[in-house]
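**Q** Before I ask anything, let me first share the structure, which is written out below as structure tokens.
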Amino acid sequence: MRVLIALCLALLVSATAPLAAHAKHRVAPTETPRIHKVEKVAENVYCIFGQGGNIGLIVTTKHAVLIDDQFERLVPGLLDAVRTLTDKPIKYLINTHGHPDHVGGNVVLEKQVSAIIAHTNVRRRMVTEQAKLDPAKRGGLPELALGSEDTKERARLNLHLDDAEIHLLHLGPGHTDGDVIVGIPSVLVMHMGDLFFLGMLPYIDVESGGSFDGLTAQISSVASWLPDGARIIPGHGPVCGKKELLRYRDFLQAVQAHVKANPAKDAATLAASFDQAAWPEWKPRPDFVTWETLFSVASGKGPGRVARP
Ligand SMILES: [Zn+2]
1163 MRVLIALCLA LLVSATAPLA AHAKHRVAPT ETPRIHKVEK VAENVYCIFG
1213 QGGNIGLIVT TKHAVLIDDQ FERLVPGLLD AVRTLTDKPI KYLINTHGHP
1263 DHVGGNVVLE KQVSAIIAHT NVRRRMVTEQ AKLDPAKRGG LPELALGSED
1313 TKERARLNLH LDDAEIHLLH LGPGHTDGDV IVGIPSVLVM HMGDLFFLGM
1363 LPYIDVESGG SFDGLTAQIS SVASWLPDGA RIIPGHGPVC GKKELLRYRD
1413 FLQAVQAHVK ANPAKDAATL AASFDQAAWP EWKPRPDFVT WETLFSVASG
1463 KGPGRVARP
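Take the sequence shown: its letters are residues 1163 to 1471, numbered as in our numbering.
Rendered as structure tokens:
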């Protein structure tokens, strides 16, 4: 649980609010949980920003589908934001991965959705963590789990809901070992979860089975087939498109090439000798992912983030 709480603190980040505002998990008495902002991404597809990972909303002829849900305490405000867009019932909740700033609302939302859907490894890790909790605080586990515990095995699930087709893809270890990309092919939109950080350096959670080389391979693969004109909801950062994804691929490959070209160098030396200024879209955060921790994980020596106090 300590790991999950620490992750939760680390990932309390939104695209619209400064880092300092998210330094604590607890809600200050004066803080209102109704902080969500809505952006239309395509016809019947929206991004909802709040605190934590970006949320996706797909509206079909009779239902809605939610992708991720941030934190339990924010669910009332999230549902208010959803109701400004549709009054249709939320049939499915999809989790892009298992970090608390993406699944924290599951425990509330499970009471009103038909099923929560995620990768098998998301369910497995949540079961392990919840075993340490008071039984009254458990819940919100994915009921439909795609893929296997073999982290290298790819998996796919196609949802056919009313007039909509939604694809879930697991391409192997990346940010964690349970990431799924959610695609809506009819409107060329993808929610990439935390496989895509835009605005800050990417976090690879090695303790949860993440892999820098795996992430780089996944992003390179997606970049090779993503159509022009596609819209992307990243896990953290603004809604973007293929241009930003190609930059992200180039950035990850540049980091990887720098590590391979300097096999004997430590992470601090690798970071100092890398052309950081060439990649202004990815900024370090001293309490989370720095250039040094990124090179540490890229060279297979670190957990992917700054050590917790
Ligand atoms: Zn995450």
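Where is the CB? At the ideal position from N, CA and C, for every residue including glycine.
(1) Cutting at 7 Å between CB atoms, please list the residues of its own chain near Gly1336, excluding the five before and the five after it.
(2) Please return the same chain residues whose Cβ sits closer than 6 Å to the Cβ of Ile1252, not counting the five positions on each side in sequence.
(3) Where Phe1457 and Leu1323 are concerned, what is the direct C-alpha to C-alpha distance, given to the nearest angstrom?
(4) If you run the structure through DSSP and keep just helix, strand and coil, what is Leu1319?
(5) Can you tell which of Ala1277, Leu1321 and Leu1330 has its C-alpha closest to the C-alpha of Leu1306?
(6) Could you work out which residue in Thr1431, Pro1425, Trp1453 and Gly1302 is closest to Leu1273 when comparing CA atoms only?
(7) Relative to ligand 1, is the shortest distance from any of its heavy atoms to the C-beta of Gly1397 smaller than 8 Å?
(8) Can you tell me whether Thr1246 is buried or exposed? The criterion is at least 16 other CB atoms within 10 Å of its CB, across all chains shown.
(9) Output yes or no for whether 9 Å exceeds the beta carbon distance between Asn1206 and Ala1326.
(10) Do Gly1260 and Arg1287 have their C-beta atoms within less than 9 Å of each other?
(11) Apart from the five residues on each side of it in sequence, which residues of its chain come closer than 6 Å, Cβ to Cβ, to Gly1340?
(12) Taking 8 Å as the cut-off, is the CB of Thr1455 close to at least one heavy atom of ligand 1?
(13) Should Arg1316 go down as buried or exposed, given a rule of 16 or more other Cβ atoms within 10 Å for buried?
(14) Between Leu1360 and Pro1425, what straight-line distance do the alpha-carbon atoms span, to the nearest angstrom?
(15) Would the C-beta of His1261 count as close to ligand 1, meaning under 8 Å from any of its heavy atoms?
(16) So who's on the other strand from Ile1217, going by DSSP bridges?
**A** Reading it off the structure:
(1) To locate residue 1336, count along the sequence shown from 1; it is residue 174. The residues are Leu1357, Gly1372, Ser1373, Gly1376, Leu1377 and Gln1380.
(2) One-based indexing of the sequence shown puts residue 1252 at position 90. For Ile1252, where only same-chain residues beyond five positions count, the Cβ hits under 6 Å are Ala1226, Leu1228 and Val1275.
(3) What you label residue 1457 is simply residue 295 of the sequence shown in a count that begins at 1. What you label residue 1323 is simply residue 161 of the sequence shown in a count that begins at 1. Spanning the two alpha carbons is a distance of roughly 42 Å.
(4) As a first step, residue 1319 is located in the sequence shown; it is residue number 157 there, counting from the start. Residue state, collapsed to three classes: strand.
(5) Translated into the one-based positions of the sequence shown, residue 1306 becomes position 144. The candidate whose alpha carbon is nearest that of Leu1306 is Ala1277.
(6) Looking up residue 1273 in the sequence shown gives position 111. The sequence given here has Lys at residue 1273, not Leu. For Lys1273, the nearest C-alpha among the options comes from Gly1302.
(7) On the sequence shown, residue 1397 is found 235 positions in, with the first residue counted as 1. Result yes, Cβ under 8 Å from ligand 1.
(8) As a first step, residue 1246 must be located in the sequence shown, where it is residue number 84. Thr1246 should be labelled exposed.
(9) Here residue 1206 refers to the residue found at position 44 when the sequence shown is read from its first residue. Here residue 1326 refers to the residue found at position 164 when the sequence shown is read from its first residue. Contact flag set, yes.
(10) Position 98 of the sequence shown, counting from 1, holds the residue named residue 1260. Position 125 of the sequence shown, counting from 1, holds the residue named residue 1287. Cβ atoms of Gly1260 and Arg1287: closer than 9 Å.
(11) Within the sequence shown, numbered from 1, the residue matching residue 1340 stands at position 178. Once the five neighbours on either side are set aside, the close Cβ partners of Gly1340 are His1259, Gly1260, His1281, Asn1283 and Val1284.
(12) Walking along the sequence shown from the start, residue 1455 turns up at place 293. No.
(13) In the sequence shown, counting from the first residue as 1, residue 1316 sits at position 154. Under this definition Arg1316 is an exposed residue.
(14) The residue you call residue 1360 lines up with position 198 of the sequence shown. The residue you call residue 1425 lines up with position 263 of the sequence shown. Those two C-alpha atoms are separated by around 28 Å.
(15) Numbered from its first residue, the sequence shown carries residue 1261 at position 99. His1261 Cβ: within cutoff of ligand 1.
(16) To locate residue 1217, count along the sequence shown from 1; it is residue 55. Partner(s): Ile1210.
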